[in-house]
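As structure tokens, the structure follows; a few thoughts come after it.
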Amino acid sequence: KAGVTQTPRYLIKTRGQQVTLSCSPISGHRSVSWYQQTPGQGLQFLFEYFSETQRNKGNFPGRFSGRQFSNSRSEMNVSTLELGDSALYLCASSPGLAGTYNEQFFGPGTRLTVL
Amino acid sequence: KQEVTQIPAALSVPEGENLVLNCSFTDSAIYNLQWFRQDPGKGLTSLLLIQSSQREQTSGRLNASLDKSSGRSTLYIAASQPGDSATYLCAVRTSSQAGTALIFGKGTTLSVSS
Chain F
1 KAGVTQTPRY LIKTRGQQVT LSCSPISGHR SVSWYQQTPG QGLQFLFEYF
51 SETQRNKGNF PGRFSGRQFS NSRSEMNVST LELGDSALYL CASSPGLAGT
101 YNEQFFGPGT RLTVL
Chain S
1001 KQEVTQIPAA LSVPEGENLV LNCSFTDSAI YNLQWFRQDP GKGLTSLLLI
1051 QSSQREQTSG RLNASLDKSS GRSTLYIAAS QPGDSATYLC AVRTSSQAGT
1101 ALIFGKGTTL SVSS
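Chains as they are written, first to last, in this note's numbering: chain F, 1 to 115; chain S, 1001 to 1114.
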């Protein structure tokens, strides 16, 4: 069974631009969560999608948004990029709503560099 | 607000040693706790998941324990090998805003020398 895939793996953008990252969950998984990882803040929860609906959101500004499609694939968008958005963005999937009992499986991440 | 702390931040051991990584959390109202491994520049690999009702989980040379009341978990690695070198992350699933979220510690970077 293929794991979680993320594209692209690396991105370089300039301040003010916008970017879209993509995540394909493990086949059969319906929940997708996004995380940002930086050296200073560590791993922080961005949001979670289940059945095309955002179910939970972390403490990030509205420039960070996402969506999920009917095939469970998810995209994350960051508008008006800032230098501080440079990070590794990780996507995780789980079989059902990432609630009380589900294990999460992570993809390899997208490394975003903002110049 | 849930906070997760991992001590030590870095650890160097010779091959063959048994070692313990520590994780503590401030709010005992968790649903589960998950240990991950992360190699440099890579994603996270799930090692063990312990539900709140469980005390420990084992997988091969790894054993994780959970003491919810004291807000602590330990990851025990037996007979360490150079291939175990990586950053180990602890995360607790806890209630947040409209649902639940995984709250991560900053990790322990392990180096095993041959």
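Idealized CB from N, CA, C, for every residue including glycine.
Check	Outcome
Simplified DSSP state of residue 84 of chain F, which is helix, strand or coil	helix
Host beta strand (DSSP E) of residue 1095 of chain S (start-end)	1086–1096
Neighbouring residues, chain F, relative to residue 1104 of chain S (Cβ below 9 Å)	35, 37, 42, 43, 44 and 45
Contact set for residue 1016 of chain S: own chain, Cβ-Cβ below 7 Å, skip 5 residues either direction	1079 and 1080
Closer than 8 Å: residue 55 of chain F CB and nearest the ligand FMN heavy atom	Ligands in the displayed structure: none, and consequently the ligand FMN is not present.
Sheet register partners of residue 1108 of chain S (DSSP bridge)	S:1088
Neighbouring residues, chain S, relative to residue 109 of chain F (Cβ below 9 Å)	1041, 1042, 1043 and 1044
Counted within 10 angstroms of its Cβ, other Cβ atoms place residue 1032 of chain S as buried (16 or more) or exposed	buried
Chain-ordered residues of the stretch 41–75 of chain F with a beta carbon less than 7 Å from chain S	42, 43, 45, 48, 55, 56, 57 and 58
Whole-number beta carbon distance between residue 70 of chain F and residue 31 of chain F, since they are thought to touch under 8 Å	About 14 Å; that fails the 8 Å criterion.
Residue 1034 of chain S - containing beta strand (DSSP E), residue span	1030–1038
Three-state secondary structure (DSSP) of residue 62 of chain F	coil
Paired residues, beta bridge with residue 1103 of chain S - DSSP	S:1092
Cβ of residue 1009 of chain S within 9 Å of any chain F Cβ	no
Contacts that residue 90 of chain F makes with chain S (C-beta to C-beta distance below 9 Å)	1043 and 1044
Residue 112 of chain F and residue 92 of chain F closer than 9 Å at C-beta	no
Three-state class that DSSP yields for residue 1014 of chain S in the structure shown	strand
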